[in-house]
Amino acid sequence: MHLGQQNPVVDGLSLKELGDSVLVELELRRKGLPFLKHVEYRIVSKCFQIPVQRRYSDFELFHGLLLQKFIYRKVPPLPPKRILKGVLNSMSDREFNDSRRRGLQRFMTLVIRHPVLAGDELVNIFLSASSTEVQNMLRDAYKKTGDEFLTSQMALHGKVYLPEDIQTQAAANREVIANIHSSFNKLRDVAERMAQRSRENSTDLLMFGKDLSELGSDTSDLPVNATMSKAWKTQRKSLVELSGEFGLLADKAAHQGSREEDEVVEKLNLLLEQLQSYRDLCDRHDSGVLLEHQRAFEKRSGPPFHTNGPVATHLKYQNSIEQSESRLSQQENTIITMEMRSYFSLLCLHQETQLVFTYLPLVTSILGTFVHSQIQGHKEMGDVWGDLHPKLKDLFESANEASIRSSSQTHTSRRQKTCAVIGPA
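Pasting the structure below:
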């Protein structure tokens with residue numbers, strides 16, 4: 097179902113009706129000349145099922161044309177360009193590329209799930225055209241149609257659909273959504289810190305296991321008179337085996353961090369970008385449409401047309417009147433057009449507000465995913481810790497047995513030496 101069907105100010109959408117999906121993957125090999133290599137992204141949408149390759153510059157052009165054509169709609173943000181290009185090391189370079197891929201995935205997901213944007217020719221071209229032709233095809237498609245106002249059937253009748261208190265409603269909705277945006281920002285930040293702690297825990301566990309392995313691999317001899325030397329040798333051999341258990345714990349912690357990132361943080365980021373694009377739309381509405389409307393009125397109320405100097409001839413006077421009437425007519429047309437654009441902008445803003453509220457129930461799903469992720473992560477870690485406990489118990493028992501044997505042998509040896517010195521009774 098698309099916005100604009102039936103009554104355009106009545107919310108008739110559900111989350112299930114926004115259901116198309118798209119996958120953005122990072123191509124493993126960079127392309128281009130050795131000194132001009134670039135990253136490409138492989139995009140597959142459920143609708144087209146045609147894999148296409150796109151560069152970041154293709155996304156930039158596509159995003160810019162969407163903003164021009166759908167100036168009254170929520171257009172999701174693109175992830176930023178690289179900063180300090182050439183300075184980042186290989187690890188941070190991989191992290192940057194993955195972060196950008198995630199951002200492009202969110203961008204395409206929000207575009208293809210938008211009831212108006214998804215059906216546009218620009219989206220069709222971007223998800224199906226060949227990589228060599230896509231930019232020219234996008235430009236040509238925009239030139240043929242212009243912005244949404246010029247092609248929408250609702251553009252001429254926006255005022256009819258709007259309630260009388262639309263300005264009050266818009267201001268109230270904007271404040272509510274701004275508060276929600278702030279709250280989601282805080283939730284996302286906490287979720288990011290939790291995912292980061294899981295990754296740091298993985299690193300610590302891996303280092304702990306490595307240190308155990310190094311300790312167990314130490315083959316240096318102990319002093320002969322050390323009473324626990326045999327027990328320590330027994331323990332030392334087992335430490336290498338135990339280090340593998342900590343490696344397994346590190347894998348589980350890393351998996352937990354990835355799960356929290358993919359299933360919780362990413363979904364919160366998707367909601368946040370939906371909310372941010374709404375705030376950007378409100379800013380465009382305030383500083384764009386209304387400002388242009390005000391300027392149009394100022395032109396209309398400006399000084400009347402005057403000729404310079406006395407009128408020399410009747411023909412000159414007639415031409416002046418015709419020019420004045422033509423100018424007034426143009427101004428009237430500008431005023432009417434801007435009024436219609438203003439109402440159309442308000443109508444679109446009202447629809448986009450409803451679309452934001454359509455997305456908000458996702459928070460329940462995110463919370464459910466968050467809880468399930470914690471249960472699963474703690475269970476996996478608990479299972480490994482549980483398996484580790486009896487191995488430690490066996491290790492201690494073996495060490496105690498070795499210690500007892502060593503102590504008994506030492507005691508027997510000392511008694512024999514004592515008897516040898518004293519001699520027979």
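If you read the sequence shown in our numbering, its first letter stands for residue 97, the second for the next number, and so on.
Don't be surprised by glycine CBs; every beta carbon is placed ideally from N, CA and C.
Only a predicted model underlies this, so the values are computations on that prediction, with no experimental measurement involved.
Query: Suppose contacts are defined by Cβ-Cβ distances below 8 Å. Is R202 in contact with N365 by that definition?; Result: yes
Query: In angstroms with no decimal places, state the Cα-to-Cα distance between T315 and S309.; Result: 12 Å
Query: Could you name the residues that DSSP lists as bridge partners for L122?; Result: Y137
Query: Flag this pair as touching only if the region 241-260 and the region 333-347 have three or more C-beta atom pairs under 8 Å; answer yes or no.; Result: no
Query: Give the DSSP-derived three-state secondary structure of V336 in the structure shown.; Result: helix
Query: Which complete alpha helix (DSSP H) runs does the region 207-256 hold, if anything under 4 residues is left out?; Result: 217-222, 230-241
Query: Taking the beta strand (DSSP E) that V361 falls in, what are its first and last residues?; Result: No beta strand (DSSP E) contains V361, which DSSP labels as neither H nor E.
Query: Is R190 buried or exposed, if buried means 16 or more other CB atoms sit within 10 Å of its CB?; Result: exposed
Query: Alpha carbon to alpha carbon, what distance is there between V256 and F158?; Result: 33 Å
Query: Can you tell me whether Q149 is helix, strand or coil according to DSSP?; Result: strand
Query: Mind checking which residues open and close the alpha helix (DSSP H) that includes K282?; Result: 262-312
Query: Is it true that the CB of Q149 sits closer than 8 Å to the CB of S227?; Result: yes
Query: Per DSSP, what kind of secondary structure is P400 in: helix, strand or coil?; Result: For P400, the predicted model reports a pLDDT of 44, less than 50, meaning its position is unreliable and no value from the coordinates is stated.
Query: Exposed or buried, what is V467 when buried is set at 16 or more other beta-carbons lying within 10 Å of its beta-carbon?; Result: exposed
Query: When you compare the CB positions of V360 and I462, do they come within less than 8 Å of one another, or not?; Result: yes
Query: In angstroms with no decimal places, state the Cα-to-Cα distance between L162 and A237.; Result: 11 Å
Query: Between the alpha carbons of D285 and P176, how many angstroms are there, rounded?; Result: 19 Å
Query: With burial defined as no fewer than 16 other Cβ atoms inside 10 Å of the residue's Cβ, what is the status of I167: buried or exposed?; Result: buried
Query: Give me the Cα-Cα distance between D317 and E296, rounded to the nearest whole angstrom.; Result: 36 Å
Query: Any contact of the region 425-443 with the region 247-267, i.e. 3+ C-beta pairs under 8 Å?; Result: yes
Query: Which term fits I432, buried or exposed, when burial requires 16 or more other beta carbons within 10 angstroms of its beta carbon?; Result: exposed
Query: Give the DSSP-derived three-state secondary structure of R375 in the structure shown.; Result: helix
Query: Does C444 come out as helix, strand or coil in the three-state DSSP assignment?; Result: helix
Query: Whose CA, out of C444, Q370, L213, P211, lies closest to the CA of H253?; Result: C444
Query: Assuming the contact rule is C-beta atoms closer than 8 Å, G199 and A291 should be a hit. Round their C-beta distance to whole Å, please.; Result: Not really, about 16 Å apart at Cβ, beyond 8 Å.
Query: Is D317 helix, strand or coil by DSSP?; Result: coil
Query: Thinking just about the alpha-carbon of each residue, which of H446, C378, A349 is nearest to the one in A274?; Result: C378
Query: Say the cut is 7 Å; is the CB of P176 nearer than that to a heavy atom of the ligand ATP?; Result: Absence of the ligand ATP from the depicted structure is noted, as is the absence of any ligand whatsoever, leaving it without description.
Query: Just mark N429 as buried or exposed, buried being the case when its beta carbon has 16 or more other beta carbons within 10 Å.; Result: exposed
Query: Specify the secondary structure class of P486 as computed by DSSP and reduced to three states.; Result: helix
Query: Indicate the three-state DSSP secondary structure (helix, strand or coil) for S117 in the structure shown.; Result: coil
Query: Between the Cα of D490 and those of D347, L335, P457, S373, spot the shortest distance and give me the residue it belongs to.; Result: L335
Query: Quick one: Cα of Q101 to Cα of R178, how far?; Result: Its pLDDT being 48, under 50, Q101 is placed unreliably in this model, and the value from its coordinates should be taken loosely. One C-alpha to the other measures close to 41 Å.
Query: Under the three-state reduction of DSSP, which class applies to I167: helix, strand or coil?; Result: coil
Query: Decide if P147 is buried, meaning its Cβ has at least 16 other Cβ atoms within 10 Å, or exposed.; Result: exposed
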